[in-house]
Every structure is written in C-alpha cells, then in structure tokens.
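Step one of this worksheet: look at the structure below.
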Amino acid sequence: MEMPQPSPEILGRKRAVLDRLLQVLPPDAVIHDEAETRVYECDALTAYRCPPMLAVLPSTTQEVSDILRICQEEGVPVVPRGAGTSLAGGALPTADCVILGVARMNEVLEVDYDNRFIRVQAGRTNLSVTGAVEAEDFFYAPDPSSQLACAIAGNIGMNSGGAHCLKYGVTTNNLLGVTMVMMDGSIVEIGGAHLDAPGLDLLGVICGSEGQLGVVTEATLRILRKPEGARPVLMGFDDNEVAGQCVSDIIKSGILPVAIEFMDRLCIQACENFANAGYPDCEALLIVEVEGSEAEIDHQLTKIIEIAKRHDPVELRESQSAEESAKIWLGRKSAFGAMGQLNDYMCLDGTIPVSALPAVLRRISALSEEFGLPVGNVFHAGDGNMHPLILFDANKPGDLEKCEAFGSEILKLCVDEGGCLTGEHGVGIEKRDLMHHQYTPQDLEAQMAVKDVFDPAWLLNPAKVFPLDVSEARRVAAE
Numbered sequence: 000m001e002m003p004q005p006s007p008e009i010l011g012r013k014r015a016v017l018d019r020l021l022q023v024l025p026p027d028a029v030i031h032d033e034a035e036t037r038v039y040e041c042d043a044l045t046a047y048r049c050p051p052m053l054a055v056l057p058s059t060t061q062e063v064s065d066i067l068r069i070c071q072e073e074g075v076p077v078v079p080r081g082a083g084t085s086l087a088g089g090a091l092p093t094a095d096c097v098i099l100g101v102a103r104m105n106e107v108l109e110v111d112y113d114n115r116f117i118r119v120q121a122g123r124t125n126l127s128v129t130g131a132v133e134a135e136d137f138f139y140a141p142d143p144s145s146q147l148a149c150a151i152a153g154n155i156g157m158n159s160g161g162a163h164c165l166k167y168g169v170t171t172n173n174l175l176g177v178t179m180v181m182m183d184g185s186i187v188e189i190g191g192a193h194l195d196a197p198g199l200d201l202l203g204v205i206c207g208s209e210g211q212l213g214v215v216t217e218a219t220l221r222i223l224r225k226p227e228g229a230r231p232v233l234m235g236f237d238d239n240e241v242a243g244q245c246v247s248d249i250i251k252s253g254i255l256p257v258a259i260e261f262m263d264r265l266c267i268q269a270c271e272n273f274a275n276a277g278y279p280d281c282e283a284l285l286i287v288e289v290e291g292s293e294a295e296i297d298h299q300l301t302k303i304i305e306i307a308k309r310h311d312p313v314e315l316r317e318s319q320s321a322e323e324s325a326k327i328w329l330g331r332k333s334a335f336g337a338m339g340q341l342n343d344y345m346c347l348d349g350t351i352p353v354s355a356l357p358a359v360l361r362r363i364s365a366l367s368e369e370f371g372l373p374v375g376n377v378f379h380a381g382d383g384n385m386h387p388l389i390l391f392d393a394n395k396p397g398d399l400e401k402c403e404a405f406g407s408e409i410l411k412l413c414v415d416e417g418g419c420l421t422g423e424h425g426v427g428i429e430k431r432d433l434m435h436h437q438y439t440p441q442d443l444e445a446q447m448a449v450k451d452v453f454d455p456a457w458l459l460n461p462a463k464v465f466p467l468d469v470s471e472a473r474r475v476a477a478e
C-alpha cells in the first residue's frame, strides 16, 4: 500500500528538528523512516491512525529534557507515549508531531522496604513493579487488565485502577512523587518518598492529566505488604439487574472486599471458551474476593454469601485452592482478549454510583436493541467503573459510526446517573467532545487555564481531552 506523502511544510520542519535531535540522542533512539514511524500511528484505539513526523526513544530524564527543549524551540508538538495500550486514543499522533516513547526508561532506581516505596523510571511495566519487590513479600496495588504490558507513565497519565482498586485505590492513591520534564526542558521534582507533600496538591493535578502538562520520567510508588491470604467466590445469577443489586447490597453492608468484578453472559461465554476458567452458564457473574487472615476471610465471605443467597444465585462457589483462584482470575483478566475473538469491539470506560448499577444495565440493554449492536459488560463493579464492550464489524460501512454513537449514549448515561466520563482510560480523543456533557464552559475554562500555566504554547499531546471547539482557538493564539 502506498503511504501518503507528508506536506512540504512538515518535511521542512522534520529536517530541522531531526538534525537537532541527532545531536543529543544516539542514532537508534531517533526513528524517522516513514515506514518505521507507522509503528506509532495509533495506540489500542486502532480505529484512528496517523503516522507521526518522528518518534524518539530516550533512556534518561536528561534526554527527555533535551528533546522537549528542542521541540519547543522548533514549535513542534510532542505526544508522550508509554506502552501504547491507551483505549481512548491518548497516544494518537498528529502528522506534525514527535512521539516521545518512554519504553526504554524501565529501570528500578531505588527500593526502600522500611518506608514502603519504590522509585522507577516511568517506562517500567505495571506488573514488573510488583515483580521487583515480591521476593520480599511486597506488591504494587493498582492492577489494570493490561498490567503485563502497560507502563507506569500511562498509568499516571490516565490514573489507572484495576480489579483491586476497590480496597487499595487507583494510581493517585499509590503515587508518592514524580520527576517531570516541562515543555521548555526544565526538570521538576513533585512529591517524594513521604506520605504527603506541603503546599498545593500538584501531584493530584499531574496524575490523570493525560500528558497535557509535562512528561513524567520517574515515579515514586507506594508498595504494600502482601496480605496473609486471599480467596474469591463466584456468584452466578439469571439476571444482570439482580447481580447489580447484589453488588449494591454488599457495599451497603459495610464489608470492603478487595475486588468485585462483573461479567454478563456474552463475556462469560467468551472468557470460558478462551481460558477454561470453569465459569457457570448464567446471565451474570460476580467475582468477589476478600483477603486477610484465614479467620478474617471466613468471616467476610460468610457475610457476603449470606447477602448473595437473598438474590437466589444459580451458582455460589467459593475457591478451594490457590490454583482454582488463579483460574478464576485468569478468565477475568483475559476478558478483553477473549472478546476480540468474537468481533471488533470498542471498549468504553465510565463510572456510575454503585446504587445505579441495575438501572444503567437495564438501559444499556435497551440501547443495544435500539442500535442493533451486541454489548458485553465487564467491569469493576465495586467502585462503579464500567467497561461496556460494543461489538461491531470494522469492515462494514457505517458500523464504526453506529458503534461510536452507541458508546456516546452510554457515556452520557453514566454522567446523567451521577457518574463521569472516565474511570481509568482517560478522555483522549474518544471522549473529548463529550466533555461538554459533563462540564460547564466555566469548568472547561478553569481546566484549560491550568494547561496554560504548564504548557503555554499548547504543544503537549495536541487535540486531546478538551473539545476542539473551545481549545483550537486557544492553541492557535498560543502559537
């Protein structure tokens, strides 16, 4: 397939910035061949693609500083990229941008077990953070489904969570400090190896900012002692709404499981065929896990099972071994891959109050009928973080547009029920125009004013997060 040729303006800018980047980076850290840059043309939201002008792969904070300083002086936009697992288009390039990938920045810099923290370069994968400390019986709590591949940089950018965030919180609850490079190349340290930092909560602003404010190169993360034990229980129900009500009742009881995960029939069947996890044949499945000492586990599960029995489950099975627990979780962790065997799909990410679960599930089912597209529901039910998977055929004209319209209705429903547009995937390009549905013009103005302070020229991660009708004029004015 013949690739489209960049415009003369982009080619001229490319030559200028390429010459300067090769003066501060090793040759193998600068990717400029047109065919090779196509590797970076999209992230996990593969419906949208655009090859970048260049891609760079720094290994140190100083190299990141040099890159950003050069790009600012040349007026070149920069798109930070972790592992490219963003499902919202958070790392989608523009044709005139430089992709700044942190994949080579994957070292452990410091571990302090007495003070319970680890300092890593931001390109290190989520799961390998736990891998660095598990020999001493510690772990890093946030565990997104993509934890084998996703980078800490992206976790910080999107404030990622995971199955166990109900008890341990999301990234912002486990992030102690960052080293961040501003667009002008200046290096700043925010927070650090202590529980709280004085002054403004800048760390809270940066976590979840989607690469709009700076490039995080190092992170200090909280590590925790592994619990004495953990045990999940499977609950099968003949109705999605009944399962949703069971979740609500468990939370209302005051019990705090480490995780409550939900899957509907479509996801159950896909995961069972994919992972042979031993899931029951039912309409809705809950995986509820508790942890602690054996006595604590028994006490909590007894109460949870009592609540579940009030909802007439078709199956109620408590794990009897570590091997059985691993199979139960393998099925859930395989959900996104398993659904990919059925068809193309778009994975959404919105949050709702737990009490709204039954009504929202009922409305999603009705919308599925209206749009004529199947939807599989798999999500972190304990904290209301939903991940509806809308199936469509990417090769069928109009199907993608229909899928996007369906997804917009689901996300607006989340907001209308008292939730928000994203729990952990971020806004990216997927939800930027829906920001009007959640925020007033004054709210958006306040958010853009923060970006003005950190990135006055609006060169970082362009065309993301903010609706184009309110952000483009600001970006042009900043040029």
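Under numbering that gives the first Met the number 0, think of the first position of the sequence shown as 0, with each following residue one higher.
The beta-carbon is built from N, C-alpha and C at its ideal position, and this holds for glycine as well.
| In this structure, does DSSP put residue 311 in helix, strand or coil? | Reduced to three states, the DSSP call for residue 311 is coil.
| task | Taking the CB atoms as reference points, tell me whether residue 101 and residue 117 lie closer together than 8 Å. | result | Between residue 101 and residue 117, the gap from beta carbon to beta carbon reaches 8 Å or more.
| Rounded to the nearest angstrom, how far is the Cβ of residue 247 from that of residue 354, given a contact under 8 Å? | Rounded, the Cβ-Cβ distance is 5 Å, consistent with contact.
| Reference residue 254, options 299, 377, 413, closest by Cα | Taking only the C-alpha atoms, the option nearest residue 254 is 299.
| Would you report the Cα separation of residue 239 and residue 46, rounded to the nearest angstrom? | Annotation: residue 239 to residue 46 spans about 30 Å, alpha carbon to alpha carbon.
| request: Pull up the distance between the alpha-carbon of residue 112 and that of residue 130, whole angstroms please. | output: Rounded to whole angstroms, the gap between the alpha carbons of residue 112 and residue 130 is 14 Å.
| message | Output needed for residue 382: all residues of its chain with C-beta closer than 8 Å, excluding positions within five of it in sequence on either side, in chain order. | response | Excluding sequence neighbours, residue 382 sits near 160, 164, 165, 350, 353, 422.
| field | Between the CA atoms of residue 216 and residue 60 - distance to the nearest angstrom | value | If you take the alpha carbons of residue 60 and residue 216, they lie about 6 Å apart.
| said: Using only the alpha-carbon positions, how far apart do residue 461 and residue 56 sit? | reply: Rounded to whole angstroms, residue 461 to residue 56 spans 19 Å at the Cα level.
| Three-pair Cβ contact test at 8 Å for the region 448-464 versus the region 359-377 | Judged by Cβ distances under 8 Å, the region 448-464 makes no contact with the region 359-377, as fewer than three pairs qualify.
| field | Counted within 10 angstroms of its Cβ, other Cβ atoms place residue 14 as buried (16 or more) or exposed | value | With fewer than 16 other Cβ atoms from the protein chains shown falling within 10 Å of its own Cβ, residue 14 counts as exposed.
| Rounded separation between residue 295 and residue 231 - CA only | C-alpha separation (whole angstroms): 13 Å.
| said: I need the straight-line Cα distance from residue 128 to residue 53, nearest angstrom please. | reply: Taking the CA atoms as reference points, residue 128 sits about 30 Å from residue 53.
| request: Locate the beta strand (DSSP E) running through residue 273, then write down its first and last residues. | output: Not the beta strand (DSSP E): residue 273 falls in the alpha helix (DSSP H), residues 264-274.
| query | Under 8 Å between the Cβ atoms of residue 171 and residue 206? | reply | Cβ atoms of residue 171 and residue 206: closer than 8 Å.
| task | Keeping to the same chain, check which residues put their C-beta closer than 7 Å to that of residue 277; ignore five residues upstream and five downstream. | result | The answer, listed in chain order, is 326.
| task | Taking residue 465 as part of the beta strand (DSSP E), name the residues at either end of that continuous run. | result | In this chain, residue 465 is not harboured by any beta strand (DSSP E), its DSSP state being neither H nor E.
| request: Answer with buried or exposed for residue 395, where buried requires no fewer than 16 other C-beta atoms within 10 angstroms of its C-beta. | output: When all chains shown are included, residue 395 counts as exposed.
| query | So, is residue 64 buried or exposed, given that buried needs 16 or more other C-beta atoms within 10 angstroms? | reply | Note on residue 64: 16 or more other CB atoms within 10 angstroms of its CB, so buried under the neighbour-count rule.
| Roughly how many whole angstroms lie between the Cα atoms of residue 271 and residue 338? | Here the C-alpha atom of residue 271 lies approximately 11 Å from the C-alpha atom of residue 338.
| said: Quick check on residue 38: does DSSP put it in helix, strand or coil? | reply: Here residue 38 sits in helix by DSSP.
| query | Would the region 190-209 and the region 280-289 be scored as touching if the rule is three or more Cβ pairs under 8 Å? | reply | With a cut-off of 8 Å, the region 280-289 and the region 190-209 do not count as touching, because too few Cβ pairs lie within range.
| said: On the criterion of 16 or more Cβ atoms from any shown chain inside 10 Å, does residue 476 qualify as buried, or is it exposed? | reply: Flag for residue 476 reads exposed.
| request: Run through the region 80-147 for me and flag every whole alpha helix (DSSP H) of 4 or more residues, listed as ranges in chain order. | output: 125-132, all fully within the region 80-147.
| Taking the DSSP output, what are the residues bridged to residue 261? | Bridge partners of residue 261: 285, 378.
| said: Using the Cβ count rule (16 or more neighbours within 10 Å means buried), how would you classify residue 229? | reply: With 16 or more other Cβ atoms within 10 Å, it is buried.
| said: Judging by CA-CA distance, which residue of 245, 366, 466, 378 is the nearest neighbour of residue 444? | reply: Nearest to residue 444 by C-alpha distance, out of 245, 366, 466, 378, is 466.
| field | Any C-beta of chain C under 8 Å from that of residue 19 | value | The chain labelled as chain C is not found in the depicted structure, where only one protein chain is given.
| query | According to DSSP, is residue 415 helix, strand or coil? | reply | Helix, per DSSP.
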